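*Asks:* Line by line, the protein sequences give chains A and B. In this text, residue positions in the first sequence follow numbering that gives the first Met the number 0: the first is 0, and each later residue adds one. In this text, residue positions in the second sequence follow numbering that gives the first Met the number 0: the first is 0, and each later residue adds one. Below is the structure I would like to discuss, written out as structure tokens.
There are 2 protein chains.
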Amino acid sequence: MPRFFYTGIHVSDLDRSIDFYTKELGMKLLFRGPIEETGGAVAWLRSKRSKQLLELNWYPSDYKYGGKSGLDHLAFEVDDLDESYTTLTKSRKGEIEPFLEGSWKLGYITDPDGNWIELGQRLKRQPKKKRKSSTLLS
Amino acid sequence: MPRFFYTGIHVSDLDRSIDFYTKELGMKLLFRGPIEETGGAVAWLRSKRSKQLLELNWYPSDYKYGGKSGLDHLAFEVDDLDESYTTLTKSRKGEIEPFLEGSWKLGYITDPDGNWIELGQRLKRQPKKKRKSSTLLS
């Protein structure tokens, strides 16, 4: 069953918004990095004494799904993306078919008002091979 | 220090959106009720195995802050609203001055992109008077 994971909002200047959410609202910056697929960047924030996650989404101005403010997407984690995507798109149009992004498999649908819903399956890491002493230094 | 508390999104049909988020995305409806101040209504939802809170905000079409989709506001809980509001509005314009709503004191500012930030202080309930047996049944 999908689990609501975080809220992503559009920002037009990532540094400025990180400053606002950390310095003025006291949130902690957990992660910041580029998103190759979009040419944009994201930051993850959380308040002390809260489990709520906020993602800031910055996109280049020519990115087709970009925006300057407002909701970007609501993210839900799922155990099996293909299964969830197939089930959810029985009664509504799928928007972006499942694809791989780093250690996630992602797909997008929309809610009844057109808000983007990201479905994400965390891919299991390949189990590391047991190292043998003689090959460790290669 | 403010604590990120939930995300509120605009919906144009509260029943339809509750159906989508509960039946299709498997969230649990925690609360639903009217908001006297706006003439609208809200619903609160959470997924099993997640602490993230989602609020659905429905407004009458003539409500000045209403909207049909997208972000309504990001809510932060604070310990002392007047103090937080005063501090935060030193460097930016306040939008809605502190006011009382039920068991909360609320105030609104905006982030650098104009997204609404709700600051809310949970008001302490008046301590109940010790009841004496002879007055209990009135």
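Virtual Cβ for every residue (Gly too), placed ideally from N, Cα, C. Every value quoted in this text rests on a predicted model; they were computed, and no experiment measured them.
1) Output, in chain order, the set of chain B residues within a Cβ distance shorter than 8 Å of phenylalanine 19 of chain A.
2) Tell me which residues share the same chain as tyrosine 58 of chain B and place their Cβ nearer than 8 Å to its Cβ, disregarding the 5 neighbours each side in the sequence.
3) How many angstroms separate the CA atom of serine 49 of chain A from the CA atom of leucine 24 of chain A?
4) Answer with buried or exposed for serine 133 of chain A, where buried requires no fewer than 16 other C-beta atoms within 10 angstroms of its C-beta.
5) What runs of the alpha helix (DSSP H), each 4 residues or longer, lie entirely inside the stretch 38-126 of chain A?
6) Looking only at C-alpha atoms, which of A:Lys22, A:Asp61, A:Asp71, A:Lys47 sits nearest to valine 41 of chain A?
7) Does glycine 113 of chain A pass the burial test, meaning 16 or more other C-beta atoms within 10 Å, or should it be called exposed?
8) So, helix, strand or coil for leucine 24 of chain A, using DSSP?
9) To the nearest angstrom, how far is it from the Cα of leucine 53 of chain A to the Cα of tryptophan 115 of chain A?
10) For leucine 87 of chain A and lysine 123 of chain B, I'd like the C-alpha separation in whole angstroms.
11) Assuming the contact rule is C-beta atoms closer than 8 Å, phenylalanine 75 of chain B and leucine 118 of chain B should be a hit. Round their C-beta distance to whole Å, please.
12) Verify the CB distance criterion: does aspartate 12 of chain A have a CB-CB separation below 9 Å to chain B?
13) Cβ of glutamate 23 of chain A less than 9 Å from any chain B Cβ?
14) Verify whether the separation of the beta carbon atoms of serine 46 of chain B and proline 1 of chain A is less than 9 Å.
15) Do you know offhand how far lysine 89 of chain A's Cα is from leucine 73 of chain A's?
*Replies:* For this structure:
1) Asp110, Pro111
2) His9, Thr37, Gly38, Gly39, Tyr64, Gly65, Gly66
3) 13 Å
4) Low confidence applies to serine 133 of chain A: its pLDDT is 39, below 50, so where it sits in the model is not reliable, and the reading given next is rough at best. Exposed: under 16 other Cβ atoms inside 10 Å.
5) 80-87
6) A:Asp71
7) exposed
8) coil
9) 15 Å
10) 42 Å
11) 6 Å
12) yes
13) yes
14) yes
15) 20 Å
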